[in-house]
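**Student:**
Below, the structure is given as structure tokens:
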């Protein structure tokens, strides 16, 4: 029986395409090499990037000179997406891909040159990954510290998982047991979020952006394939959010299993928590729910950093953002101090 808790092995964000309420600006918060709180801001339409970090001596967010600069990807017309994560060699990696052509380019941060460089050919996905239409990707590490990239078609739900084969020194298609069913059981605009359970098992949350209907899968070691998670680990059909739905599973500061669900169009969100007593997902207490910050083009990403539980909320059209912190004394989310907030225009 799998453990009920999971955790984020790294911090990342990537947006779903074709959302009516989804803009072009992506936020990617992460812990920097000196344990600083860093944020990469990226405009997927223009290619403009900015990197911010929290300066402990001046106690404020500072824009990095130079920062992460993505060179010409060579992609044809189409939407370029980006995901930042820590690779198997503890290197900062940025995966970029074109949603129309499904072609991708992987980059890594060279600590010697202090800039992003194109990863060697062996660390790139094949040019033809076997998917078409609108394609999304999500990279993560499994319990053996192997790099996995899950790719899927947002219109059909068909997916293909790739892994880095250390012996062959290239990305290869994962074995059949590590592939999700070709029909994951969810129809509509398909979004997926793979994650790692507490015991190291791989799990994937699949949902329809239009309705919020979802199915959670996990890798069952005994049968050596992905199967639907038990009923208690599934979100209810009605999560309180029923259009333009985004979800983000994560482990809270107290070790609880949480899923943040929100409406990109209105900014309304509902936090769900796995209740050990009830043995199912329940809405978190009112004090754990976020207020509405923006009323259009809203994106969010929760994370635990330096012992604090924070949630970044931003308008993906103009880049305005609010950083929330869970106040342990007040037992609720509050706006972080001003020095932790980014300016209204993060690119200036």
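Numbering (this note's numbering), first residue to last: 36 to 383.
Just so it is clear, CB atoms sit at the ideal spot from N, CA and C, and this is done for glycine as well.
Could you check the C-alpha separation between residue 110 and residue 133 for me, to the nearest Å?
**Tutor:** Rounded to whole angstroms, residue 110 to residue 133 spans 6 Å at the Cα level.
**Student:** Can you tell me whether residue 362 is helix, strand or coil according to DSSP?
**Tutor:** Here residue 362 sits in strand by DSSP.
**Student:** Less than 8 Å between the CB atoms is what I'm expecting for residue 241 and residue 221, so what's the real figure, rounded?
**Tutor:** About 5 Å; that satisfies the 8 Å criterion.
**Student:** How far does the beta strand (DSSP E) with residue 329 in it reach, from first residue to last?
**Tutor:** Here residue 329 belongs to no beta strand (DSSP E), and DSSP marks it neither H nor E.
**Student:** Which whole-angstrom value is the C-beta distance of residue 137 and residue 164, which I expect to be below 8 Å?
**Tutor:** With a Cβ gap of about 6 Å, residue 137 and residue 164 count as contacting.
**Student:** Could you tell me how far apart the beta carbons of residue 118 and residue 172 are, in whole angstroms, since I believe they sit closer than 8 Å?
**Tutor:** At roughly 7 Å, the Cβ-Cβ gap stays under 8 Å, so residue 118 and residue 172 are in contact.
**Student:** In whole angstroms, what separates the C-alpha of residue 56 from that of residue 182?
**Tutor:** For residue 56, the pLDDT reaches just 48, beneath the cut-off of 50, and the residue's location in the model is therefore unreliable, leaving the point undetermined.
**Student:** Could you tell me which whole beta strand (DSSP E) segments of length 3 or greater appear in the region 256 to 342?
**Tutor:** Taking only runs of at least 3 residues, the beta strand (DSSP E) segments lying wholly in the region 256 to 342 are 260 to 263, 280 to 286, 292 to 298, 304 to 310, 315 to 318 and 333 to 340.
**Student:** If you measure from the CB of residue 245, is any heavy atom of the ligand FAD nearer than 7 Å?
**Tutor:** Ligands are entirely absent from the displayed structure, and the ligand FAD is therefore not among its contents.
**Student:** Please state the DSSP three-state secondary structure of residue 118.
**Tutor:** Three-state DSSP puts residue 118 in a strand.
**Student:** Would a C-beta distance cut-off of 8 Å place residue 243 and residue 267 closer than the cut-off?
**Tutor:** No, Cβ-Cβ distance for residue 243 and residue 267 is not below 8 Å.
**Student:** Under the three-state reduction of DSSP, which class applies to residue 48: helix, strand or coil?
**Tutor:** Low local confidence applies: a pLDDT of 38 at residue 48 is under 50, so the model's placement there is unreliable, with the coordinate-based value given in what follows. Coil, per DSSP.
**Student:** The beta strand (DSSP E) with residue 182 in it runs from where to where?
**Tutor:** Element bounds for residue 182: 182 to 188.
**Student:** Taking only beta-carbon positions, decide if residue 75 is within less than 8 Å of chain D.
**Tutor:** Included in the structure is just one protein chain, with no chain D present.
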